[in-house]
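These notes are about the structure you will find just below.
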Amino acid sequence: MVTRINTGVSGLDIDSMVSQLMKARRLPVDQLMQKKQVISWQRDDYRSINAKIVDFRNSASDMRLQTPFLNKKAASSNEAILSVTGTANATEGIYKIKVNALAEAAKLTSSANVTGTVGGDLSKKMSELDPSFASNTTLTVGGAKGTATIIIKPTDTLANVVNNINSESNNTGVKISYDGGLDRLFFVATSTGAEKTSNIKLQSANEDLLTDIFKMPPAGVTTPTTFANTVTGTVAFVAEKTDKDADDAPPVPLEVKKIAPDLKAEQVFKISMGASDSASFTITKSTSIGELIDKINSSDLGKKGVSAYLNESGKLVIFNPNRSNELKFTDETDDDSDVLKSLGLEAPVTSGDFAYTQMSSVGKDAEVEFNGVTGFYASNTFSISGLQFTAKKVDTEEVNVSVAQDVDSVYNSIKTFVDKYNDVIDSLNKKMQEKRDRSYLPLTDEQRTNMKEDEIKRWEEKARSGILRNDSILSSALNSMRLAISSPVNGIPSGEISILSDIGIKTSANYLENGKLYIDEAKLRDALSNKSDQVRRLFTADGGDASSERGDGVARRLFNGASKVFSDILTKAGASNTLADDSLLSKDEGTLDKKIYDFNKKLLLIEDRYYKQFGAMEAAIQRMQDQSSSLIQQLTGSK
44 MVTRINTGVS
54 GLDIDSMVSQ
64 LMKARRLPVD
74 QLMQKKQVIS
84 WQRDDYRSIN
94 AKIVDFRNSA
104 SDMRLQTPFL
114 NKKAASSNEA
124 ILSVTGTANA
134 TEGIYKIKVN
144 ALAEAAKLTS
154 SANVTGTVGG
164 DLSKKMSELD
174 PSFASNTTLT
184 VGGAKGTATI
194 IIKPTDTLAN
204 VVNNINSESN
214 NTGVKISYDG
224 GLDRLFFVAT
234 STGAEKTSNI
244 KLQSANEDLL
254 TDIFKMPPAG
264 VTTPTTFANT
274 VTGTVAFVAE
284 KTDKDADDAP
294 PVPLEVKKIA
304 PDLKAEQVFK
314 ISMGASDSAS
324 FTITKSTSIG
334 ELIDKINSSD
344 LGKKGVSAYL
354 NESGKLVIFN
364 PNRSNELKFT
374 DETDDDSDVL
384 KSLGLEAPVT
394 SGDFAYTQMS
404 SVGKDAEVEF
414 NGVTGFYASN
424 TFSISGLQFT
434 AKKVDTEEVN
444 VSVAQDVDSV
454 YNSIKTFVDK
464 YNDVIDSLNK
474 KMQEKRDRSY
484 LPLTDEQRTN
494 MKEDEIKRWE
504 EKARSGILRN
514 DSILSSALNS
524 MRLAISSPVN
534 GIPSGEISIL
544 SDIGIKTSAN
554 YLENGKLYID
564 EAKLRDALSN
574 KSDQVRRLFT
584 ADGGDASSER
594 GDGVARRLFN
604 GASKVFSDIL
614 TKAGASNTLA
624 DDSLLSKDEG
634 TLDKKIYDFN
644 KKLLLIEDRY
654 YKQFGAMEAA
664 IQRMQDQSSS
674 LIQQLTGSK
């Protein structure tokens, strides 16, 4: 690389002279950069148009289908009793419907004050609400989704219990709330309907929890008897058969006691109920009583009502709700250990001193008569014959329901479609007709440095105007779209709707508007009210001929045309969200980049040559000056 010099013995501004010489040399590079800028502007304009094409194509895609034309409007003669909405599947006509019963959720409510405190008190502990509640027990909450067992402790506050029950609502389908003003607990199913979709079942080993604390209405108490290894009722085994607390250690809560802490390997036992239902459970030395309870209650047997809990005496009870199917316990471990012995199930177990309190509630289905036919529904919102009903009140009145074509909905769909069409052709026409002033070229970097920002903006607006003027892709798109809307649909019987003008959609008589569509609202609404099937066919018809669109509906033609334009522009200009762009314009840009790079390398060599030449000139001048000085000295010395 040649060393740059500003001035030398000649006194010339060499940098300025080289810069002026290179300015002329750089003209071809500037021209290449201007061409590249034009390509970039063209690509941006193409992509902007393609965004509008995509939006219109989506609208055309919807309109080529049957769905927008099938919407029905339904009306109820008494909205206070029952409301209704129509769907595409509804059949036009008038129907009668009567609401005999509303769907209800299962519910259980306290029959008396829970805390006895004015305004309620969620901080009350279980032992405060019932002083006899002195040890842990379990509450099994069952609903349409399943069951969950919750350990209730004497130290739990009412707020703790409410939160713990609600934390399992996704598993049970049951929620609880407490109202301080009423001082009541409210259990409610999260869905309405009869037992399969809405039910509540509360079970506890401690009868006082449900009756004396929750103040639930009186319910039956199931009392187990004595059973052996194969049983047909409630089975209990003694929790004291677990590890013993050390004498100097605080007692371990029964629910976290280890069942078999000295166990050397895993043990598996199976509980069978009747001939077809069973579940297997694995026990290790780290398995606690509480964990076994959860496993049993969340198993398939648990979903059928078999439940485990700890009673007040510290004994773990397995409850069988179905006395017609016996429970059977089987050791499935291959080694010599006896899992049933570990669980205390190897011999008959006396359990007559245990009681299991159970309370339940079942929801109700909605009952309606539709044209004299009675139907039952789990929700107050239900569907019949393509109509969506919401029952609000039981009444002896028969409600009249009328179903008709939803003219407003279809009209709005067609109007939106026409608006998007007009927007697209307006954009295409503007780009096609923009004036091109070739005296305004893209600015070079040097030109930009000498202009203000607003001057640059005005210049570039003129420079990029008309770069798609008379573009072949846009011209082809306009011709295709105009032909699609102006040509009749072939194959339609004489006298029926076959062209847009038949339904009041026409192009403007003003040629300056370049094919903009206008809607005669009254004529279109009349066609939709009286000839809805023919209007639908005009937009959605499928001629079935891949080589011709003459038999296709207007929306189908425009969808195909928009798809082709989109593809053509994509090939020409690519997409903004594509990393690997192999469009034609990007390839042209790449070719220009290569030329610009090569030319800049050549300019560097030329610039270096200029500096070498000026350097040589400065060296020659220096030598001449040195020789002149020497000659003068010699002449002066000779005198």
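Okay, so the sequence shown: first residue is 44 according to my numbering, each after it adds one. Built from N, CA and C at the ideal position, the CB exists for glycine as well.
N- and C-terminal bounds of the alpha helix (DSSP H) containing residue i
i: N203; result: L201 to N209
i: Y554; result: Careful: Y554 lies outside any alpha helix (DSSP H) and carries neither H nor E.
i: S62; result: I57 to R68
i: V597; result: V597 to A616
i: D374; result: From DSSP, D374 is part of no alpha helix (DSSP H) but of the beta strand (DSSP E) over L370 to D374.
i: K436; result: Note, K436: premise wrong, no alpha helix (DSSP H); not H, not E.
i: T215; result: S212 to T215
i: L543; result: Here L543 belongs to no alpha helix (DSSP H), and DSSP marks it neither H nor E.
Cβ shell of residue i (< 6 Å), same chain only, five flanking positions each side left out
i: L521; result: L471
i: M667; result: none
i: E477; result: S508, G509 and R512
i: L165; result: L201 and A202
i: L182; result: I193, I195 and S247
i: G223; result: G162 and G163
i: K638; result: L75
i: N156; result: D226
i: K258; result: S153, S154, A155 and V157
Residue i, buried or exposed, once every other Cβ within 10 Å from all chains shown has been counted against 16
i: D488; result: exposed
i: G418; result: exposed
i: Q448; result: buried
i: Q490; result: exposed
i: M494; result: exposed
i: Q74; result: exposed
i: T439; result: exposed
i: L543; result: buried
i: E147; result: buried
i: E19; result: This structure gives no information on residue 19, because the portion of the chain shown stretches from 44 to 682.
i: Y640; result: exposed
i: M60; result: exposed
i: P304; result: exposed
i: L678; result: exposed
i: K63; result: What sits at residue 63 in the sequence shown is Gln, not Lys. Burial call: exposed.
i: E375; result: exposed
CA-to-CA distance, residue j to residue i, given in whole angstroms
i: G617; j: S341; result: 57 Å
i: M65; j: A659; result: 19 Å
i: K436; j: V442; result: 11 Å
i: L581; j: P536; result: 12 Å
i: E687; j: P485; result: A question about residue 687 goes unanswered here, because the residues of the chain that appear run from 44 up to 682.
i: A279; j: A248; result: Confidence at A279 is low in this model, with a pLDDT of 42, below 50, so the placement of that residue should be treated as unreliable; the coordinate-derived value is given next. Straight-line Cα distance between these residues: approximately 12 Å.
i: D56; j: D624; result: 47 Å
i: E283; j: I302; result: The predicted model places E283 with a pLDDT of 40, which falls under 50 and marks its position as unreliable, so this point remains unresolved.
i: D466; j: R100; result: 12 Å
i: K116; j: T424; result: 17 Å
i: K215; j: T190; result: According to the sequence shown, residue 215 is Thr rather than Lys. Distance between the alpha carbons of T215 and T190: 5 Å.
i: E250; j: G415; result: 48 Å
i: L151; j: T233; result: 13 Å
i: L567; j: R525; result: 20 Å
i: S154; j: L245; result: 15 Å
i: Q670; j: F657; result: 20 Å
i: N143; j: F229; result: 26 Å
i: L628; j: V608; result: 16 Å
i: V532; j: R600; result: 10 Å
Extent of the continuous beta strand (DSSP E) to which residue i belongs
i: A584; result: Neither: A584 is in no beta strand (DSSP E) and is coded neither H nor E.
i: E412; result: A409 to F413
i: L245; result: N242 to S247
i: L252; result: Element bounds for L252: n/a, residue is neither H nor E.
i: I528; result: Element bounds for I528: not the beta strand (DSSP E) but the alpha helix (DSSP H), S515 to S529.
i: A447; result: V442 to Q448
Beta-carbon proximity list for residue i, same chain, < 7 Å, skipping 5 on both sides
i: A506; result: Y483, L484 and P485
i: Q109; result: R579 and T583
i: I540; result: I546, A570, K574, Q577, V578 and L581
i: S104; result: F602
i: E496; result: none
i: G236; result: A146, G406, D408, A421 and S422
Contacts around residue i, its chain only, beta-carbon distance under 8 Å, and the 5 residues preceding and following it disregarded
i: A565; result: G547
i: K239; result: A187 and A421
May I have a chain-ordered list of the alpha helix (DSSP H) segments no shorter than 4 residues that lie completely inside the segment 468-508? Restricting attention to alpha helix (DSSP H) runs no shorter than 4 residues, the segment 468-508 encloses them at 488-492 and 496-507, ordered along the chain.
Length-filtered (3 minimum) beta strand (DSSP E) runs lying within the segment 299-351: If only complete runs of 3 or more residues are kept, the segment 299-351 shows the beta strand (DSSP E) at 310-316 and 320-326, in order along the chain.
Minimum length 4: unbroken alpha helix (DSSP H) runs contained in the segment 106-174: Listed in chain order, the alpha helix (DSSP H) runs fully inside the segment 106-174 are 110-113 and 169-172, counting runs of at least 4 residues.
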